[in-house]
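S.K.:
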Amino acid sequence: MPDHIVPKRIYYTIFAILMLCTYLTVQIAFFDLGVLNAVAALTIAVIKATLVVLFFMHVKYGTRLTWAVVVGSVFWLGILLALTMGDYLTRVWRTYG
Amino acid sequence: MSELIQHPALAHHFDSLEQQKEASTLGMWVFLVTEVLFFGGLFATYLIYRNWYPDAFAAASHELDVTLGTINTVVLITSSLTMALAVHAAQLGQRRLLLIFLVATMTLGAVFLGIKSVEYYHKFAEHLIPGPGFQFEKEPVHVRHAQLFFSLYFVMTGLHALHMVIGIGIMFVMWWWSWRGTITAEYYSPIEISGLYWHFVDIVWIFLFPLLYLIGRHA
Amino acid sequence: MASTALLPRRHYLNDGYGVKSWLLTRDHKRIGLLYLAGVTFFFFVGGAFAVLIRLELTTPVGDLVTDETYNKLFTMHGVMMVFFFLIPAIPSVLGNFLVPIMIGAKDLAFPKLNLASWYIYMIGALFTMYAIVTGGLDTGWTFYTPFSTVSSTSNVIPAALGIFITGFSSILTGLNFIVTIHRMRAPGMTWFRLPLFIWSHYATSLIMVLGTPVIAITILLVAAERLFHFGFFDPAVGGDPVLFQHLFWFYSHPAVYIMILPAMGVISELVAAFCRKPVFGYSFVAFASLAIAVLGFLVWGHHMFVAGQSVYAALIFSILSFLVAIPSAVKVFNWTATMYKGSVSWETPMLYAIGFIGLFTIGGLTGLFLASVGLDVHVTDTYFIIAHFHYIMVGGTIMAYLGGLHYWWPKISGRLYNEWLAKFSALVIFLGFNLTFFPQFILGYLGMPRRYHAYPPEFQVLNVLSSAGASILGVGYLIPMAYLMWSLRYGRAAGPNPWGAVGLEWTTTSPPPTENFTETPEVTWDAYDYQSTVDSRQSTFPAES
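Protein chains in written order, with this note's numbering: chain P, 11 to 107; chain C, 69 to 287; chain D, 103 to 647.
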């Protein structure tokens, strides 16, 4: 099965979007959006990472197994972060003693 | 299938170059999973302490140079572009272009590390290296937790930089193999797989940059 | 029994002689034997610490060693046993040897990485042994902070680095297995024709790959914190010791599933072979392995019920801990159902298998008691916990390891061992084990705390029973060393299939050739396609000639 060769213009387009996102994330940081600052920064970071994964790392053109591996790793990181934060965020409610 | 002349790169325990390529690619992806979880532990630590000490973290983050950080982000993303173009050239058997793009990738990586070293030196000069010499004159009330921020900063960017150094080493080996003619349009999976590693290191920085450099910048 | 069998002329053991042919081998079978040498050595190192612990605990006063020395004894017993024996034993010895053969491949996907993983294991062990001989480690194998990062005066940094390094061995083994199982199965070997040993090792590899990196970064942070005083886990600087525990147990709980899943894989093979029947509910057992791997990542907080985490987090972890017992129970039921109307024979591996089923059930049930927060609050950090995990790790994993070692010994070595001595040792181990650890359930329930070198005098009788059991257990472990080594030279040749079992490993010679098979097999039979005595179903497995 010959590999899918991604046309160079796709790489250049993605690069341009990544540059735009970088510019945006820096600009947004200088406006006071309260808690949304963190949300915006992380959202943009996730978008950038997704573009790199899909196009530069060819996951969009790859097998389902590769896709499952990527999703799995993010999900597992999510387990670590979610259950740990679940402890910290609920501590103020009540602990022992 | 019987191949009268076996490809020199085909290992004895694989039936075909195709199987070998699929195995090596899956292997690199599984390795990247381990890297996600490896850095993940640090991101968990960051998450807790940023949650606990938002003001100290914001104050400490202000000490980082946004301009240099942004330049470094641009440099790394560009290096991902040159890496993708290197793989593209390899797929088409374009040896000269492949060599050029590999050198470009390595150079951009080196620029990133150079800027990082400058930043580290600045931190040293400003007494922001965690330890007995740590000082936080701008907002002394936050000194204890600002030190925690800088500990995280150095561990996270330091580990990232170590991965960059290894990445540049891998790229050099790829350049050498390409120069020697080992890499062809038929056998280019080492380039592809090294590219996966390189892009991953870029992705880590894509998260490190806003989380470390862009906290509370609006103040 | 193949009493007239001969050893094959050419096999992996005589394919190259000399130290270099072993130390630079890429053959997964030889690498499995390199690991066998390593894990056996470190088992006895860990065992030596256990002897000293039980010796001290024979009397209520701390009269053999000081309390600080005792802290080092239980720490190093735990570190050696967990990281250098239990985690690698079945996957790196039996797994390395059998995974390629069971799926019909010539080797693992990455033979050089496999060899590297052994060297990494040995180098990590060297660091840890260095820490041991230059003063020891006293933090407990759990390295709780801030004691390990601030106050302990023992050799934390080399020990932490040793564990960090060895973790990569685990990661590489898991990576190798995952890629091999996905990409190198022989023609006809579909996922649902795979032996359950492979399913277990696949699930184990998922855990190795997802969990080990987290302890790697955590233990690295402990070493870094000790060196640079970062303060991530030090409350004096604003850090949180409970964060360490979250990160530590995120790996260390799934780690216990790394220890038990391969063992369960062995048991599936043993039960099928010695009941001459397919494992009951094959797909349920296969999916149960995956379920254990996934659910195992969601329960780590049950080690922290009294550590200071929130009650609500404790609640969630408690419910999830009850859930994770279900797939394990499914397996126990299915193994038992396999025995029903099977043609059961009681060779040594089968003795170990039913020993496992009984002891693992006890250990697992006591785990349910501990999952309940209300009960755990009373028995945590007592001997109840110690008894619980030893029932699973020793009564479970080590029994399965020995059972597997005996079952596949003829394949690995080409020789048969002395069956009477083997049966005798299995019995000695079973009796010694129960005498050692059952009294500990009672001691823990009565309130004897763990990690103390002295205890109230009213606990002495039970402690003496436990120590007596330990000496019997120790003898039980030494006898197989003797007769297995003896068989290498003097044992009768085994032939390709001494047990008459179904499986690709039994279609090749004993010992196998370096490339495992003279011809790539084409699989047309199910995993445990035994000729059925109940409904006269014929087997399509190629019978040995």
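Each residue gets a CB set at the ideal place from its N, CA and C atoms; glycine is no exception.
I believe G367 of chain D touches S272 of chain D by the beta-carbon criterion, under 8 Å. Please report the beta-carbon distance rounded to the nearest angstrom.
M.R.: G367 of chain D to S272 of chain D, Cβ: 17 Å. No contact.
S.K.: What would DSSP say about T484 of chain D, mapped onto helix, strand or coil?
M.R.: It is a strand residue.
S.K.: By the criterion of Cβ-Cβ separation under 7 Å, what are the contact partners of T113 of chain C in chain D?
M.R.: F334 and L345, listed in chain order.
S.K.: Less than 8 Å between CB atoms is the rule here; does Y265 of chain C satisfy it with respect to chain D?
M.R.: no
S.K.: Quick one: does M69 of chain C have its CB under 8 Å from some CB of chain P?
M.R.: Only weak support is given to the placement of M69 of chain C: the predicted model assigns it a pLDDT of 46, under 50, and the value that follows is read from those uncertain coordinates. Output row for M69 of chain C: interface = no.
S.K.: Using a Cβ cut-off of 8 Å (strictly closer), state whether T106 of chain D contacts chain P.
M.R.: no
S.K.: Please go through the region 381-452 of chain D and give each complete alpha helix (DSSP H) segment of 4 or more residues, from N-terminal end onward.
M.R.: 384-397 and 413-441
S.K.: Just to confirm my understanding: we take G197 of chain D, look at its own chain, exclude 5 residues before and 5 after, and list those with CB closer than 7 Å. What are they?
M.R.: F279, H303 and P364
S.K.: Nearest to P190 of chain D by CA position, among D:L108, D:P598, D:I222 and D:K513, is which residue?
M.R.: The residue with the shortest Cα to Cα distance from P190 of chain D is D:I222.
S.K.: Give me the chain P residues within the contact set of P278 of chain C, using Cβ-Cβ distance strictly less than 8 Å, ordered along the chain.
M.R.: T35, A39, A51, L52, I54 and A55
S.K.: May I ask which residues mark the beginning and end of the alpha helix (DSSP H) holding M239 of chain C?
M.R.: V211 to R248
S.K.: Which residues in the same chain as M242 of chain C place their Cβ atom closer than 7 Å to its Cβ, once the five residues preceding and following it in sequence are excluded?
M.R.: L170, P258, I259 and S262
S.K.: In whole angstroms, what is the alpha-carbon distance linking H231 of chain C and K379 of chain D?
M.R.: 51 Å
S.K.: Is A595 of chain D helix, strand or coil by DSSP?
M.R.: strand
S.K.: Please report how far the alpha carbon of G602 of chain D lies from the alpha carbon of L175 of chain D, in whole angstroms.
M.R.: 45 Å
S.K.: Determine contact between the region 166-184 of chain D and the region 144-158 of chain D, defined as no fewer than three beta-carbon pairs at a distance below 8 Å.
M.R.: Touching, yes.
S.K.: Does any CB atom of chain P fall closer than 8 Å to the CB of H348 of chain D?
M.R.: yes
S.K.: For V49 of chain P, count neighbouring Cβ atoms within 10 angstroms of its own Cβ and tell me buried if that reaches 16, exposed if not.
M.R.: exposed
S.K.: When the Cα of H267 of chain C is compared with those of C:S246, C:I238, C:L280 and C:H213, which residue comes out closest?
M.R.: The candidate whose alpha carbon is nearest that of H267 of chain C is C:I238.
S.K.: For G269 of chain D, which residues from the same chain have a beta carbon less than 7 Å from its beta carbon, with the 5 sequence-adjacent residues on both sides left out?
M.R.: T314, I317 and A318
S.K.: Whole angstroms is fine: what's the gap from A233 of chain D's alpha carbon to V167 of chain D's?
M.R.: 19 Å
S.K.: Which residue's Cα is closest to the Cα of M452 of chain D: D:G506, D:F419 and D:I133?
M.R.: Nearest of D:G506, D:F419 and D:I133 to M452 of chain D, Cα basis: D:G506.
S.K.: Output, in chain order, the set of chain C residues within a Cβ distance shorter than 7 Å of G237 of chain D.
M.R.: Residues of chain C passing the Cβ test: none, with the nearest at roughly 26 Å.
S.K.: Rounded to the nearest angstrom, what separates G516 of chain D and L308 of chain D at their Cα positions?
M.R.: 32 Å
S.K.: Should Y414 of chain D be flagged as near chain P, meaning a C-beta pair shorter than 8 Å?
M.R.: yes
S.K.: Who are the Cβ neighbours of T146 of chain C in its own chain at under 7 Å, not counting the five residues just before and after it?
M.R.: L176
S.K.: Helix, strand or coil, according to DSSP, for R517 of chain D in the structure here?
M.R.: strand
S.K.: First and last residue of the alpha helix (DSSP H) that includes L159 of chain C?
M.R.: It should be noted that the sequence gives Gln, not Leu, for residue 159 of chain C. V134 to Q159 is the span of the alpha helix (DSSP H), which, as asked, contains Q159 of chain C.
S.K.: Assuming G199 of chain C and F330 of chain D are in contact, meaning their beta carbons sit under 8 Å apart, how far apart are those beta carbons, in whole angstroms?
M.R.: Their Cβ separation, rounded to whole angstroms, is 6 Å, which keeps G199 of chain C and F330 of chain D in contact under 8 Å.
S.K.: Give me the Cβ distance between L417 of chain D and L397 of chain D, rounded to the nearest whole Å; I'm assuming they're in contact under 8 Å.
M.R.: Wrong, their Cβ atoms sit about 16 Å apart, outside the cutoff.
S.K.: Does the region 82-102 of chain C come close enough to the region 152-165 of chain C to have 3 or more Cβ pairs within less than 8 Å?
M.R.: Two segments are said to touch when three or more pairs of C-beta atoms, one from each, lie closer than 8 Å; by this definition the region 82-102 of chain C does not touch the region 152-165 of chain C.
S.K.: Could you give the C-beta distance for G182 of chain C and F277 of chain C, rounded to a whole number, given that I count them as a contact under 8 Å?
M.R.: G182 of chain C to F277 of chain C, Cβ: 17 Å. No contact.
S.K.: Please check the pair V401 of chain D and V426 of chain D, which I expect to be a contact at CB under 8 Å, by giving their CB distance rounded to whole angstroms.
M.R.: 6 Å
S.K.: Please state the DSSP three-state secondary structure of P364 of chain D.
M.R.: Helix, per DSSP.
S.K.: Within the continuous alpha helix (DSSP H) that includes A79 of chain C, where are the two ends?
M.R.: From DSSP, A79 of chain C is part of no alpha helix (DSSP H); its letter is neither H nor E.
S.K.: Whole angstroms are fine: how far does the CA of L87 of chain P sit from the CA of L43 of chain P?
M.R.: 27 Å
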